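Just below is one structure, and these are the notes that go with it.
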Amino acid sequence: MSLDKELRVMHACEVGATGVYRGHKCIARYFYRSSIADLDNMRLHEKDHSSIFMGLLAHRKIRPCFAYKLFFLGGVVYGALVGLLGIKAIGASTSAIEGVVNIEIEAALEKFEDEPRICELLRAMQLEERQHQESGENLAGIDYVLHRPIQRIARVGAYAAKKIALLL
Ligand SMILES: [Fe+2]
Ligand SMILES: [Fe+2]
Numbered sequence: 000m001s002l003d004k005e006l007r008v009m010h011a012c013e014v015g016a017t018g019v020y021r022g023h024k025c026i027a028r029y030f031y032r033s034s035i036a037d038l039d040n041m042r043l044h045e046k047d048h049s050s051i052f053m054g055l056l057a058h059r060k061i062r063p064c065f066a067y068k069l070f071f072l073g074g075v076v077y078g079a080l081v082g083l084l085g086i087k088a089i090g091a092s093t094s095a096i097e098g099v100v101n102i103e104i105e106a107a108l109e110k111f112e113d114e115p116r117i118c119e120l121l122r123a124m125q126l127e128e129r130q131h132q133e134s135g136e137n138l139a140g141i142d143y144v145l146h147r148p149i150q151r152i153a154r155v156g157a158y159a160a161k162k163i164a165l166l167l
């Protein structure tokens, strides 16, 4: 994959992540009010991340994915559905998705090794993604019955989003 395309895919995925936390927050507003601030904080981080990638795309004069806003919508639907399963489901999903994100950032750091500015941005982002992963683990706890199936669904969803972004 070219570096330009890599940035385009990462942008779309961050837009999707913003949607996921928005979906979680919509449900948390009614059922898990004590977690709203945490979820909103993560949503704001993802919004920042997508803006950073959008800035990089603009700077390199490359277009974002076609219909990238649909990633937001897809994220909201996914985030709300998972939210309906409970706050532990949100936690399990978050830790799985952010685990994937961290693997992807590690890979991106290697691909962009000749672009120090981008690596710096990726490393700053990774610190936040690690915090998200940790928050997810804390929300899920250690005895959540649906931990594994939710994590599996979350990982499949995250990789599917990446594959779709690659086509657009
Ligand atoms: Fe992010
Ligand atoms: Fe994140």
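Mapping to numbering that gives the first Met the number 0: the sequence shown position 20 is 19, numbers consecutive.
Don't be surprised by glycine CBs; every beta carbon is placed ideally from N, CA and C.
All figures in this text were calculated on a predicted structure; none of them were measured in a lab.
- For the set L2, E112, A153, the Cα lying nearest the Cα of A91 is the one of A153.
- The C-alpha of L126 is placed about 13 angstroms away from the C-alpha of L108.
- Bounds of any alpha helix (DSSP H) do not take in S1, whose DSSP letter is neither H nor E.
- Here M9 is buried, its C-beta having at least 16 other C-beta atoms within 10 Å.
- By the criterion of at least three beta-carbon pairs nearer than 8 angstroms, the region 79-99 is in contact with the region 147-164.
- Within 10 angstroms of the beta-carbon of E103 lie 16 or more other beta-carbons, which makes it buried.
- A11 is a Cβ neighbour of A164, given a cutoff of 7 angstroms.
- The beta carbon of I51 is closer than 6 angstroms to those of L120 in its chain, skipping five residues each way along the sequence.
- Taking a C-beta distance under 7 angstroms as the contact criterion, R59 and R42 do not qualify as a contact pair.
- Of A88, C25, V100, R116, the smallest CA-CA separation from D39 is found for C25.
- Between Y67 and V14, the C-beta gap is smaller than 7 angstroms, which places the two residues in contact.
- Look at R7 here: in three-state DSSP terms it is helix.
- As summarised for the region 79-122, the continuous alpha helix (DSSP H) elements at least 4 residues long and confined to that stretch are 86-110, given in chain order.
- Bounds of the alpha helix (DSSP H) holding D47 are 35-58.
- For H131, the shortest separation between its Cβ and any heavy atom of ligand 2 lies below 6 angstroms.
- In the DSSP assignment, R154 falls within the alpha helix (DSSP H) that extends over 146-166.
- By the CB criterion at 7 angstroms, G85 and H23 fall outside the cutoff.
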